[in-house]
Amino acid sequence: MKCSEIIEILRENWPDQFALDWDNVGLLVGRRGKEVSRIFTCLDVTEETLEQAFDWGADLIISHHPLIFSAVKKISDADPLGAKILKLAAKDVACYAMHTNFDVLGMAELNGKSLELKDSRALEATGVRDEQEVGIGRVGELPRTMTVEELALWVKEKMNIPRVNVYGDPGKRISRAAISGGSGKSMVRHALAAGAQALVTGDIDYHTGIDAVAGGLCIIDAGHYGTEYIFISYMEKKLAQLFPDLEIQGAKTAFPCRMI
1038 MKCSEIIEIL RENWPDQFAL DWDNVGLLVG RRGKEVSRIF TCLDVTEETL
1088 EQAFDWGADL IISHHPLIFS AVKKISDADP LGAKILKLAA KDVACYAMHT
1138 NFDVLGMAEL NGKSLELKDS RALEATGVRD EQEVGIGRVG ELPRTMTVEE
1188 LALWVKEKMN IPRVNVYGDP GKRISRAAIS GGSGKSMVRH ALAAGAQALV
1238 TGDIDYHTGI DAVAGGLCII DAGHYGTEYI FISYMEKKLA QLFPDLEIQG
1288 AKTAFPCRMI
């Protein structure tokens, strides 16, 4: 199956126009006319995931985070990005990214379901699809009222992550929560506006955490990877449905940050 044919189906399911203005999605490296029989999917295009993809014999890599995000003026093996681009080109492996278009049309719902939120809606509405409002994150009612400490344990269990950082009173009772995968610093104001008592997200810095608590919002930082690695297993299953004649494989789960 040609890479261009695969891209057409991907764009039907997760159209590029739902990506945020600052994003860089689509075919970032590779030939549209390339024949593809094996698709490898990952969260990030790292040296480790590249090695896995190459060892398996992938023709196309579909990642969540874009390999190329900002303007590139030089491509050489003198820097990590250039080295990866050269490796992909040398092995004729294409690389396609679905970032905020998937956040809006996939990640938000997956995150909301992982916490079993009820009567949920988009945390930050960014568009409409099939007469339904879509956007970044979800906000809704928890399946039961729980303390912040209980919610933290709930997040660890439901999202299968080893640790979380908590800002706020562990005993505070929470019934309405928001979740936004990835880096959620900008979502604090949306969570407060939506009446959430807690926000589950990643990449929260010290000052954002304490300021959110001062404003009445508890924060559970489950990590950028921890809130988004669900992309790998979901995409592995979804691609198998969309392309039953192709071989699909997901990257091995490996949290990039560990406590020692």
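For the sequence shown, the numbering used here assigns the number 1038 to the initial residue and increments by one for each residue that follows.
Beta carbons are placed, not taken as given, at the ideal position from N, Cα and C, and that holds for glycine.
Just verifying my parser: in three-state terms, what is the DSSP assignment at residue i?
{"i": "Tyr1266", "result": "coil"}
{"i": "Thr1086", "result": "helix"}
{"i": "Thr1137", "result": "helix"}
{"i": "Arg1226", "result": "helix"}
{"i": "Asp1041", "result": "Here residue 1041 turns out to be Ser, not Asp, going by the sequence shown. Correct three-state label for Ser1041: helix."}
{"i": "Leu1013", "result": "Within the shown structure, residues of the chain are numbered from 1038 to 1297, placing residue 1013 beyond reach of any answer."}
{"i": "Ala1162", "result": "strand"}
{"i": "Leu1097", "result": "strand"}
{"i": "Glu1178", "result": "strand"}
{"i": "Glu1186", "result": "helix"}
{"i": "Ala1115", "result": "coil"}
{"i": "Glu1170", "result": "strand"}
{"i": "Leu1065", "result": "strand"}
{"i": "Gly1219", "result": "strand"}
{"i": "Ile1241", "result": "coil"}
{"i": "Ile1285", "result": "strand"}
{"i": "Phe1292", "result": "coil"}
{"i": "Val1250", "result": "helix"}
{"i": "Ile1010", "result": "In this structure the chain extends from 1038 to 1297, so residue 1010 is not present and cannot be described."}
{"i": "Ala1277", "result": "helix"}
{"i": "Asp1060", "result": "coil"}
Sorted by chain position, which residues of the same chain lie with C-beta nearer than 8 Å to residue i's C-beta, five sequence neighbours on each side aside?
{"i": "Trp1051", "result": "Met1135, Asn1138, Phe1139, Leu1142, Gly1143"}
{"i": "Met1038", "result": "Glu1072, Val1073, Ser1074, Phe1280, Asp1282, Leu1283"}
{"i": "Glu1093", "result": "Note that residue 1093 is Trp in the sequence shown here, rather than Glu. Cβ neighbours of Trp1093 beyond the five flanking positions: Arg1075, Phe1077, Gln1286."}
{"i": "Lys1289", "result": "Gln1089"}
{"i": "Glu1273", "result": "Thr1078, Ile1285, Gln1286, Gly1287"}
{"i": "Val1171", "result": "Phe1055, Val1141, Leu1142, Ala1145, Ala1159, Ala1162, Thr1163, Gly1164, Val1165"}
{"i": "Ser1220", "result": "Thr1238, Gly1239, Asp1240, His1261"}
{"i": "Tyr1271", "result": "Gly1143, Leu1147"}
Starting from the C-beta of residue i, find all residues in its chain whose C-beta is less than 6 Å away, skip the five residues before and the five after it, and write them out in chain order.
{"i": "Asp1081", "result": "His1102"}
{"i": "Gly1218", "result": "Met1144, Asn1148, Thr1264, Glu1265"}
{"i": "Ala1233", "result": "Val1176, Arg1213, Ala1214, Ala1215"}
{"i": "Arg1069", "result": "Cys1040, Ser1041"}
{"i": "Ile1198", "result": "Ala1259, Gly1263"}
{"i": "Ser1151", "result": "Lys1195, Met1196"}
{"i": "Thr1182", "result": "Arg1210, Ser1212"}
{"i": "Gly1153", "result": "For clarity, residue 1153 is Glu in the given sequence; the question names Gly instead. Only Pro1180 meet the Cβ criterion."}
Provide the residue(s) that pair with residue i in DSSP beta bridges, ordered along the chain.
{"i": "Leu1142", "result": "None, per the DSSP bridge assignment."}
{"i": "Ile1256", "result": "Tyr1204, Leu1236"}
{"i": "Glu1049", "result": "Beta-bridge pairing links Glu1049 to no other residue."}
{"i": "Arg1213", "result": "Glu1178"}
{"i": "Ala1131", "result": "Leu1097"}
{"i": "Cys1079", "result": "Ser1100"}
{"i": "Glu1194", "result": "Glu1194 is not bridged to any residue."}
{"i": "Glu1072", "result": "Lys1039"}
Less than 8 Å between the CB atoms is what I'm expecting for residue i and residue j, so what's the real figure, rounded?
{"i": "Leu1097", "j": "Tyr1133", "result": "6 Å"}
{"i": "Asp1053", "j": "Gly1063", "result": "6 Å"}
{"i": "His1261", "j": "Asp1240", "result": "5 Å"}
{"i": "Lys1124", "j": "Leu1104", "result": "Their Cβ separation, rounded to whole angstroms, is 11 Å, which puts Lys1124 and Leu1104 out of contact at 8 Å."}
{"i": "Lys1155", "j": "Pro1180", "result": "7 Å"}
{"i": "Ala1291", "j": "Glu1085", "result": "7 Å"}
Comparing the C-beta of residue i with each C-beta of chain C, is any distance below 8 Å?
{"i": "Met1224", "result": "Among the chains of the structure shown, chain C does not appear; only one protein chain is present."}
Going by beta carbon distance, what residues of the same chain come within less than 7 Å of residue i, once the five residues before and after it are set aside?
{"i": "Lys1193", "result": "Val1201"}
Comparing the CB of residue i with every heavy atom of the ligand FAD, is any distance shorter than 7 Å?
{"i": "Ile1105", "result": "Inclusion of the ligand FAD in the displayed structure is not the case, the ligand content being empty and no account of it being possible."}
contact_flag[the region 1165-1177, the region 1240-1250] where n(CB pairs < 8 Å) is 3 or more: Using a Cβ-Cβ distance cut-off of 8 Å, the region 1165-1177 and the region 1240-1250 are not in contact, since fewer than three pairs of beta carbons, one from each stretch, lie closer than that value.
The region 1154-1166 / the region 1121-1136 touching (three or more Cβ pairs under 8 Å): No, they do not touch.
contact_flag[the region 1192-1209, the region 1249-1262] where n(CB pairs < 8 Å) is 3 or more: Yes: the two stretches touch, three or more of their Cβ pairs being nearer than 8 Å.
Validate contact between the region 1184-1199 and the region 1104-1122 using beta carbons, cut 8 Å, 3 pairs: Output reads no: the region 1104-1122 does not touch the region 1184-1199.
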